[in-house]
Amino acid sequence: MNDLTKILFDYFKDNDIDPNKVANIIEDAKINVLDEMFGEEGEWVLKKLGSVESFDKEKIFHSIAQTSDSSGAKMNASDVNIIVEDVLKKMKSIKRNVYPTTEIRGYVEEALKEEGYGKVLEAYKNI
1 MNDLTKILFD YFKDNDIDPN KVANIIEDAK INVLDEMFGE EGEWVLKKLG SVESFDKEKI
61 FHSIAQTSDS SGAKMNASDV NIIVEDVLKK MKSIKRNVYP TTEIRGYVEE ALKEEGYGKV
121 LEAYKNI
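Sequential numbering of the sequence shown, starting at 1, is according to UniProt numbering.
Have a look at this one:
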C-alpha cells in the first residue's frame, strides 16, 4: 500500500466512513486534484477508464447528430448547435475545468429533454 493510500485508508477506517461515501469522496478528489493541476488551461474530460483528454465540443456535436439520424428524428446543424451551447453553458456554470464523461452525458441528456428532443434523448441514453 503506498503512503497516500494508507493515509486515506486509515482516515476512512478511523472515522467509520461508509464505503459508498468513500467512493464519492475519492471521485470528487480525483476531479478536484486534476482541476487544480490543469488550472486555467482549457477544459478537460476525465474518461471512464481514468485517462484525461482535451475537451472537444465537436465530439458532442457529432454524437448528437449521429444519434438523431439513427433515431429517425433528424436534427439540423443549428438544432444540434443549440444543444451543444446548452451543454457548454452548463459546464461553464460549474466553475471548474475537468468534467467526467458521465457528467457531460448528463448535460447532453438534460439539454435534449429541455429542448424537446425526447426521441433523440431515448436513443442517446441507449448508446
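Ideal placement from N, C-alpha and C gives every residue a C-beta, glycine not left out.
Keep in mind it's a predicted model, so treat the numbers as computed, not measured.
Asked, Found
"DSSP-derived helix/strand/coil call for tyrosine 107", "helix"
"Sequence ranges, beta strand (DSSP E) only - wholly within the stretch 35–97, length at least 3", "44–46, 52–54"
"Length of the line joining the Cα atoms of aspartate 35 and isoleucine 17", "25 Å"
"Where tyrosine 11 sits in the DSSP three-state scheme", "helix"
"Three-pair Cβ contact test at 8 Å for the stretch 102–115 versus the stretch 72–84", "yes"
"Per DSSP, cross-strand counterpart(s) of tyrosine 99", "Val45"
"Buried or exposed (CB count within 10 angstroms, at least 16 for buried), residue 156", "One cannot answer for residue 156 here, as it falls past the ends of the chain, which runs 1 to 127."
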